[in-house]
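Novice:
Residue numbers (full-length UniProt numbering): 1 to 350.
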């Protein structure tokens, strides 16, 4: 894939690897990673491959996804003996034959179009998929299971809450089909805690904020992805609302380094927000910064019925990252730098 010919992408990967403390714990270990062709999952695979190359960690990576062909396409140019493709729909029982040291479950529908087109798959990918993988981890020697949840589990918070800590819980309308995502993530988190309590399986949870980067999938229709695609095509950014919703954003390199930090240093049964104090901005603010860096403009237009249905009701989703920072982790990409690197990589790929 042309990603690997991007100087910026490779450099970001290397820097992300060096920022993970105690990464040597993974030397010679086996990692089973689901959602390996997605935004977060594929970056984690690339980080582990990079760690093998520059630190000689000799990690064996079982990269799982629904389509082996999609995995081959995503990691074309990065193939090594340490990377094994696993075709697996996590909603079905996991009957693979390999032992594992670590399981990272990052498989989930994660963009608005999928929530409406496949709400059942969105729920079950998180609930049934998490159970299937927890069972596999428990019976195949896993030292730790990490579940990639979402900042959406906080739902609609009170207006006077500045940033959500891991103990906070807001309102989720369970009769809205859009809730298939946050409700599924909430239940999967509880399932992880249940396996720790009942079976003694070591589990940890991460709750990423809004993640962005150059390695998105073609199906991803999140607003940030559309902003980037618009300017890369020489167009102005079309915003289908006032864009006043406040969000925590995190560049994918910071997200990847944070996840591996929690995998190695997080406390059993705990959840950790992944966010950046220097990347709190409205959706319109993200659009304006993207436009500013490329000499384009932001134009507002009325949303159609599909766009209205896909819109989240959450006006503010700002995550408190203090707990993650307590592990010694600090993000390095503010909103300006993260957008700049994303655009540079996308430009180098063209």
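Yeah, the Cβ is synthetic: ideal placement off N, Cα and C, and Gly gets one too.
Using only alpha-carbon positions, find the residue among 156, 85, 334, 227 that is nearest to residue 400.
Specialist: With the chain running from 1 to 350 in the structure shown, residue 400 is simply not present.
Novice: Skipping 5 residues on each side, what residues in its chain have a beta carbon closer than 6 Å to that of residue 333?
Specialist: Indexing the chain shown from 1 puts residue 333 at position 333. Cβ within range, chain order: 251, 254.
Novice: Should residue 243 and residue 211 be called a contact, given that it needs their Cβ atoms to be closer than 8 Å?
Specialist: Counting from one through the chain shown, the residue named residue 243 turns up at place 243. Counting from one through the chain shown, the residue named residue 211 turns up at place 211. Taking a C-beta distance under 8 Å as the contact criterion, residue 243 and residue 211 do not qualify as a contact pair.
Novice: As a quick exercise: from 208, 299, 159, pick the residue whose alpha carbon is nearest that of residue 147.
Specialist: Taking the first residue of the chain shown as 1, we reach residue 147 at position 147. Of the candidates 208, 299, 159, the one whose C-alpha sits nearest the C-alpha of residue 147 is 208.
Novice: Quick check on the burial criterion: 16 or more other C-beta atoms within 10 angstroms. Buried or exposed for residue 141?
Specialist: In the chain shown, the residue the question calls residue 141 occupies position 141. Under this definition residue 141 is an exposed residue.
Novice: Quick one: Cα of residue 339 to Cα of residue 72, how far?
Specialist: As a position in the chain shown, residue 339 is number 339, starting the count at 1. As a position in the chain shown, residue 72 is number 72, starting the count at 1. If I take the Cα positions, the gap works out to 27 Å.
Novice: Pull the bridge partners of residue 127 from the DSSP assignment, please.
Specialist: Mapped onto the chain shown, residue 127 falls at position 127. In the DSSP output, where bridge partners are listed per residue, residue 127 has none listed.
Novice: Starting from residue 188 and walking both ways along the alpha helix (DSSP H), at which residues does that stretch end?
Specialist: Residue numbering aside, residue 188 sits at position 188 when the chain shown is read from its first letter. Run containing residue 188: 180 to 199, per the alpha helix (DSSP H) assignment.
Novice: Just to confirm the assignment: which complete beta strand (DSSP E) runs, minimum length 3, are found wholly within the segment 260 to 309?
Specialist: 271 to 274, 280 to 282, 298 to 300
Novice: Pull up the CB-CB distance for residue 356 and residue 91, whole angstroms please, since I reckon it's below 8 Å.
Specialist: This structure cannot speak to residue 356, because the chain is shown only from 1 to 350.
Novice: Assign residue 350 to one of three DSSP states: helix, strand, or coil.
Specialist: Looking up residue 350 in the chain shown gives position 350. Reduced to three states, the DSSP call for residue 350 is coil.
Novice: Does the distance from the CB of residue 39 to the CB of residue 61 come in under 8 Å?
Specialist: Start at 1 with the first residue of the chain shown, and residue 39 comes out as number 39. Start at 1 with the first residue of the chain shown, and residue 61 comes out as number 61. Against a cut-off of 8 Å, the Cβ pair of residue 61 and residue 39 comes out as no contact.
Novice: From the DSSP output, in three-state form, read off residue 145 for me.
Specialist: By one-based count along the chain shown, residue 145 stands at place 145. Residue 145: strand per DSSP, three-state reduction.
Novice: Check whether the segment 266 to 275 and the segment 318 to 326 are in contact - that is, three or more C-beta pairs closer than 8 Å.
Specialist: The segment 266 to 275 vs the segment 318 to 326: in contact.
Novice: Grab me the residues of residue 16's own chain with a C-beta within less than 7 Å of its C-beta, minus the 5 sequence neighbours each way, in chain order.
Specialist: The residue given as residue 16 occupies position 16 in the chain shown. Listed in chain order, the non-local C-beta contacts of residue 16 below 7 Å within the same chain comprise 47, 253, 256, 257, local neighbours out to five positions each way being set aside.
Novice: With contact counted as at least three CB pairs below 8 Å, one residue from each stretch, are the segment 191 to 208 and the segment 150 to 166 in contact?
Specialist: yes
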